[in-house]
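A.B. asks: With the numbering used here, the residue at position 181 of the sequence shown is 183, and numbering never jumps.
One structure, as structure tokens, below. Some questions next.
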Amino acid sequence: MGRVIAVANQKGGVGKTTTSINLSACLAEKGKKVLTVDIDPQGNTSSGLGVDKNNLQYTIYNLIIGECSLEECLITNVIENLSILPSNVNLAGAEIELIGIEEKEYILKKEIEKIRDNYDFIIIDCPPSLNTLTVNAMTTADTVLVPIQCEYYALEGLTQLIHTINLVKKRLNPNLEIEGVVFTMYDARTNLSLQVVENVKNNLKQTIYKSIIPRNVRLAEAPSHGLPINLYDPKSAGAEGYRDLADEVIERE
């Protein structure tokens with residue numbers, strides 16, 4: 003049965019989408035069957051994997067509101083071993099459409115259950131807010147992977163996220179655990195990055211991945227070419243960082 007990992011942090015700009023794209027691609031590169039689920043209305047994970055998000059007949063929005071089947075929404079093998087349930091700006095309306103719907107927190111879970119056995123890993127890119135879509139991701143997931151940017155306010159908002167994860171665990175998904183924290187945008191030239199890592203390690207009773215994702219120009223360029231970093235620049239520091247993270251994630255099975 004596939005392992006479902008939600009990549010979440012309600013703080014924007016911490017590397018959630020970059021992590022969703024590149025962790026998915028590096029797991030696929032290692033021969034794992036991967037499904038990436040984009041439930042962020044910005045749709046950046048979809049376009050970062052080469053999907054033309056503005057010309058799709060069906061997206062995860064249509065799936066969530068019951069306008070299409072999972073098969074109609076699924077784009078298979080966008081790269082080898084990697085399929086995607088894409089998203090675009092239409093998804094922003096889902097919140098309102100779901101008002102009054104029974105068991106709306108479990109819509110995604112019910113859909114993913116149908117195909118879970120077809121994949122080794124299912125990676126869900128969450129929006130940068132704690133809304134119905136994020137809750138859907140957390141009721142579907144086994145674990146939550148939290149990217150943290152190496153900057154001064156790194157811990158801000160993290161307590162809120164952990165509180166939300168614990169609430170979902172208590173009320174909706176008793177099996178939910180925190181997969182771990184991964185540091186992103188690490189700049190070895192600054193003392194700040196080092197201090198942030200030490201600070202988080204000292205204050206957080208969570209698993210922290212050994213792999214640290216560096217601040218890397220090639221990593222920033224890759225999405226505009228619709229390619230994950232391991233295809234855009236396989237030898238870059240960013241590609242190595244995400245390959246290491248993929249290895250760690252696989253080891254935790």
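Note that CB positions come from ideal geometry on N, CA and C, so glycine has one too.
Bear in mind that the values here come from a model prediction, so they are computed numbers and not experimental data.
Among residues of its own chain, excluding the 5 on either side of residue 63, which ones have a beta-carbon nearer than 6 Å to its beta-carbon?
C.D. replies: Correct list, in chain order: 92, 93 and 96.
A.B. asks: Skipping 5 residues on each side, what residues in its chain have a beta carbon closer than 8 Å to that of residue 133?
C.D. replies: 97
A.B. asks: Three or more C-beta pairs under 8 Å: does that hold for the stretch 148–162 against the stretch 32–39?
C.D. replies: no
A.B. asks: Nearest to residue 114 by alpha carbon, out of 87, 228 and 199?
C.D. replies: 87
A.B. asks: Is the stretch 116–134 touching the stretch 201–212, taking contact as three or more C-beta pairs under 8 Å?
C.D. replies: Touching, no, given that fewer than three Cβ pairs across the two stretches are closer than 8 Å.
A.B. asks: My output table needs one value for residue 246: the three-state DSSP class, helix, strand or coil.
C.D. replies: helix
A.B. asks: Leaving out the 5 sequence neighbours to the left and right, which residues in its chain are closer than 7 Å to residue 116 when beta-carbon positions are compared?
C.D. replies: So the qualifying residues of the chain are 72.
A.B. asks: Could you give the DSSP three-state label for residue 60: helix, strand or coil?
C.D. replies: coil
A.B. asks: So who's on the other strand from residue 188, going by DSSP bridges?
C.D. replies: 216
A.B. asks: Pull up the DSSP beta-bridge partners for residue 164, would you.
C.D. replies: Residue 164 is not bridged to any residue.
A.B. asks: Beta strand (DSSP E) containing residue 229: first to last residue?
C.D. replies: Element bounds for residue 229: n/a, residue is neither H nor E.
A.B. asks: Output yes or no for whether 8 Å exceeds the beta carbon distance between residue 230 and residue 49.
C.D. replies: no
A.B. asks: Nearest CA to the CA of residue 219: which residue from 208, 205 and 241?
C.D. replies: Ranking the options by Cα distance to residue 219, first place goes to 241.
A.B. asks: Please report the Cβ distance between residue 108 and residue 141, rounded to the nearest whole angstrom; I am assuming they are in contact, meaning their Cβ atoms lie under 8 Å.
C.D. replies: That pair is a contact at about 6 Å.
A.B. asks: Is residue 8 helix, strand or coil when you go by DSSP?
C.D. replies: strand
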